[in-house]
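Take a look at the structure set out below.
Residue numbers (the working numbering): 4 to 363.
Set out below in structure tokens:
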């Protein structure tokens, strides 16, 4: 048996299909991954993402340390705001992607992936040695993600009146604190929604409260197809330490200004820009029938070859879609090798779906 979240018994009682995910026993679905996916696009769903890693960084050097550690610039943040960023190695490769929240001038919160927990903690600890900072992993907190266009109508049923009103007014990547609870308008589905960090002992009762409002419990299966439709990268599939943000459709997460800010990987990225970025991460939409899967070969006459990094069937579009790493000059139509047969696909710029609507 793997590690479990405080909602494990809730998942068992709901007859969820439990699978191993990075050493955690997590719900894949509660009966129908397709139904869960569509319900989030049309109404509202809740995900247990308590397996993710929360690290609080405090101390007088916190801002300086994070300016050095992260490719995006925390100087953009005021208290209660968040940004998405990559954490790079010295070759510009992506150690992980994460969200960083500014809680106060000397207090930031990082939320990183569970599959990269050990290497992330080791890297952050190593790089923090020369800074007056304190790192605290928050194993006492759970995370629930409520996502979908119907979420805003449910807030008054979930939170006290004053807090519900403040949460409803949050802009994307802004957050609200309620004592030990922390509610951010963030997510991984391409829909409106909130990610709620709360004490472990509060999680089961709040989970049940969420379900009583008509919000559907959803597993990691739907979360993956939702994020793929939204064009959001999955660490370990669409990016890793062997590729840079420039090769991963994440150029927008790298803050090269101001020029005097030194961050890990900067020199390698600047060198790559000077020499030319040779690969790009693009979207693929299958022209005919079939399902795109990871590692399938992609080719286009005269422009070389690439490969699918994440592929699946899109429940919203009812088509095969994928993210693929291909040569930088590749565009238009291409072909994908599906079980030995090349099938035509269109190259598009992600996302595929935004707020329930086709984007290409």
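Glycine included, each C-beta is placed from N, C-alpha and C at the ideal position.
Source: prediction; values computed, not measured.
Query, Result
"Contact set for residue 13: own chain, Cβ-Cβ below 7 Å, skip 5 residues either direction", "207, 210"
"Buried/exposed call for residue 81, threshold 16 Cβ in 10 Å", "exposed"
"Beta-bridge pairing of residue 56 - partner residues as DSSP gives them", "115"
"Buried/exposed call for residue 129, threshold 16 Cβ in 10 Å", "exposed"
"Extent of the continuous alpha helix (DSSP H) run through residue 11", "11-16"
"As assigned by DSSP and simplified to three states, the class of residue 352", "coil"
"Beta-bridge pairing of residue 101 - partner residues as DSSP gives them", "88"
"Endpoints, the beta strand (DSSP E) within which residue 146 is located", "144-150"
"Coil, strand or helix - residue 342 by DSSP", "coil"
"Range of the contiguous alpha helix (DSSP H) that encloses residue 207", "206-215"
"Every unbroken beta strand (DSSP E) inside the region 189-276 [3 residues or more]", "196-202, 219-221"
"Whole-angstrom distance between residue 189 and residue 198, CA atom to CA atom", "6 Å"
"Those residues which DSSP pairs with residue 110 across a bridge", "61, 107"
"Rounded Cβ spacing between residue 31 and residue 43 (contact assumed at less than 8 Å)", "Their Cβ separation, rounded to whole angstroms, is 15 Å, which puts residue 31 and residue 43 out of contact at 8 Å."
"DSSP-derived helix/strand/coil call for residue 29", "strand"
"Three-pair Cβ contact test at 8 Å for the region 277-297 versus the region 102-113", "no"
"Extent of the continuous beta strand (DSSP E) run through residue 289", "282-289"
"Buried or exposed (CB count within 10 angstroms, at least 16 for buried), residue 345", "exposed"
"Cβ pair residue 114, residue 57 closer than 8 Å", "yes"
"Inter-stretch contact at 8 Å, needing at least 3 Cβ pairs: the region 56-70 / the region 224-243", "no"
"C-beta atoms of residue 143 and residue 202 nearer than 8 Å", "yes"
"Candidates 276, 317, 157, 307, of which the one nearest residue 290 by Cα", "317"
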